Structures are given as structure tokens and as C-alpha cells.
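Chemist:
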Amino acid sequence: MQVLIIEDNQDIAASIYDYFEASGYIVDMAADGVTGLHMALAKDYDVIILDLGLPGIDGYELCRRLRQDPHRLVPIVMLTAKDTLENELEGFKSGADDYLIKPFALKELAARVKMLSKRVNRTSASQLQIGDLSLNMDTREVCRAGKQINLNPTLFKLLAFLMQNPYRLIKREELEYAVWQNNPPDSDALRTHLSNLRQVIDKPFECPFIHTVRGFGYKLMDNKAKD
Ligand code: CA
1 MQVLIIEDNQ DIAASIYDYF EASGYIVDMA ADGVTGLHMA LAKDYDVIIL
51 DLGLPGIDGY ELCRRLRQDP HRLVPIVMLT AKDTLENELE GFKSGADDYL
101 IKPFALKELA ARVKMLSKRV NRTSASQLQI GDLSLNMDTR EVCRAGKQIN
151 LNPTLFKLLA FLMQNPYRLI KREELEYAVW QNNPPDSDAL RTHLSNLRQV
201 IDKPFECPFI HTVRGFGYKL MDNKAKD
């Protein structure tokens, strides 16, 4: 699991770093807003721990800029010394998912991070679920809104991989590899299969789950969950 800490206070940053690294996380650090934003845009982190008061651009602004990309749903925990309700509302409006007032216990921060990361975590469970769409790896049953959907083996593989990696940007090559390993058919095969998959799991329903990130790949997400 990869976590990005954006915090200019060296002592706080170091203690968070040590705690998370010791817990088995892969941790990156930035000490100012601009560096933090660049790092956050360059890599798909599982969670970002973001200080509010930062040199360069502050936590609110950074959050706002990250959220300008509607596909970038990385959970953000905002850290702040200011504990007024007003600030809290401002933080959530700018797109933070959770909030922690300094000083806080590292254990508490870790608990919040763990909870948020579940949204983007890969799962090994046989029953996969996103919104009203479910897929069972054992019975190979796929349902959306209570209706059973029949998929051919290729479409099933495709959907299973997407559902094992929700809320994560998946490159075309990664999806091709998941379905065909090193022997993908022609270059348009993935596009065709995704289009067929969309016809059955998205098109008949109100809210699509498969999103195209132009120039990069695809992301499976439930937009309703963010409301
Ligand atoms: Ca600060």
C-alpha cells in the first residue's frame, strides 16, 4: 500500500513516516504544496495524508486542484491545527475525505487511513461488489440491480479484473495482460470487448461504472458513492 505524506513540519512528517513504514506501508514524502501536488499527480497513491498549512500552495488549494480531475479519487486525510467547524467544512468542500485535528494519535491516523484505503484496495474475496453490480469469482455469477447478466469468458475476465481494482487507473496494457497475458489479439480487441461489456453492464442502467481516462486507460468507479 502506497501513502503520500505532504507535511512541512519535519517532526510530524518524520513520526508519521516512521509509523507507517513500520506498519508495512510504502511511504513517500513532500514538504511543500507544489512538490506534493506533483507527486500526487504522478503516481496512484492509495491514500494521501495532507497538511492544511503548507508553503507554496496550501492543503485546501492542493485538494481542490487534485479533485479537478474527476477520475482521481485517491482518498485524502487532511491534517490541521485549526479546529473550528468552519475550517472543517472548507476542507470537505475542497474534496478531503476525512479530517484530523492536531495533535492526533498516530494510531488514530492509521485507523482512518486503513478505513479510507479499503475503498481502493484490491480484494481477494470471491464476492466482488461495486454499487449495485456484483460478481462472484466462484459461481461466475454477475448481477446488476438484481438482474443476472451473462458474460462470455473474455468479458468475465475483463470485468473481474476491473472489479478487483476499483477506483484505480488501469492502463490499457495492464488490462490486455490481465485478459490475454502476452498474447493479445489485434490492438482494437480490448476496445471492442470493453464496448460489449458496457452494453450489458452499463448501458441499460442509469449510472455507468466503467470510465475511460483518455490517453491512459480505464477506471471502474461508482460515482454515486462520492455524493
Ligand atoms: Ca504545516
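Reading the sequence shown from the start, the letters are residues 1 to 227 in this note's numbering.
The beta carbon of each residue, even a glycine, is placed where N, CA and C say it ideally should be.
Predicted model, so just to flag it, every value in this text is computed and none were measured.
Can you list, in chain order, the stretches of the alpha helix (DSSP H) that have 4 or more residues and sit fully within the region 134-217?
Modeler: Entirely contained in the region 134-217, the alpha helix (DSSP H) runs reaching 4 residues are, in chain order, 153-164, 172-180, 189-201.
Chemist: For the region 41-81, list the beta strand (DSSP E) runs that are entirely contained and at least 3 residues long, ordered along the chain.
Modeler: Segments of the beta strand (DSSP E) lying fully in the region 41-81: 47-51, 76-80.
Chemist: Cβ-heavy atom distance between L155 and ligand 1 below 7 angstroms?
Modeler: No, the Cβ of L155 stays beyond 7 angstroms of every heavy atom of ligand 1.
Chemist: Let me confirm a value: E173 is counted as buried when at least 16 other C-beta atoms fall within 10 Å, else exposed. Which label applies?
Modeler: Classification for E173: exposed.
Chemist: Could you check whether the Cβ of L37 sits closer than 7 angstroms to any heavy atom belonging to ligand 1?
Modeler: Checking every heavy atom of ligand 1 against the Cβ of L37, none is found closer than 7 angstroms.
Chemist: With DSSP run on the structure shown, which of helix, strand or coil describes K118?
Modeler: It is coil, neither helix nor strand.
Chemist: For ligand 1, list every residue whose C-beta falls under 6 angstroms from any of its heavy atoms, going in chain order.
Modeler: Per the Cβ criterion, the list is D8, N9, D51, G53, L54.
Chemist: Over what stretch of residues does the alpha helix (DSSP H) that includes A14 continue unbroken?
Modeler: Here the alpha helix (DSSP H) through A14 covers 10-22.
Chemist: Roughly how far, in whole angstroms, is the beta-carbon of A42 from the beta-carbon of A13, given that I think they are within contact range, below 8 angstroms?
Modeler: Not a contact, Cβ separation roughly 19 angstroms.
Chemist: Hey, out of V142, S187, K171, D58, whose CA is closest to H211's CA?
Modeler: The residue with the shortest Cα to Cα distance from H211 is K171.
Chemist: Measure the CB-CB distance between L54 and L79 and report whether it falls below 8 angstroms.
Modeler: No, these two residues do not count as a Cβ contact at 8 angstroms.
Chemist: From F161, S187, S94, S15, pick the residue whose C-alpha is nearest to that of F104; which is it?
Modeler: The option with the nearest alpha carbon to F104 is S15.
Chemist: By the three-class DSSP mapping on this structure, what secondary structure does K107 have?
Modeler: Correct three-state label for K107: helix.
Chemist: Compare the C-alpha of I6 against each of E61, A22, G24 and name the closest.
Modeler: Taking only the C-alpha atoms, the option nearest I6 is E61.
Chemist: Comparing alpha-carbon positions, which option in M137, E176, G217 lies nearest A160?
Modeler: Comparing Cα-Cα distances from A160 to each of M137, E176, G217, the minimum goes to M137.
Chemist: For L162, which residues in the same chain have their Cβ closer than 6 angstroms to its Cβ, ignoring the five residues on either side in sequence?
Modeler: If we look at L162 and ignore the five residues flanking it on each side, its Cβ neighbours are L220.
Chemist: Could you check if P75 is buried or exposed, using at least 16 other CB atoms within 10 Å of its CB as the buried criterion?
Modeler: P75 comes out buried.
Chemist: To the nearest angstrom, report how far apart L116 and V47 are at their CA atoms.
Modeler: Those two C-alpha atoms are separated by around 7 angstroms.
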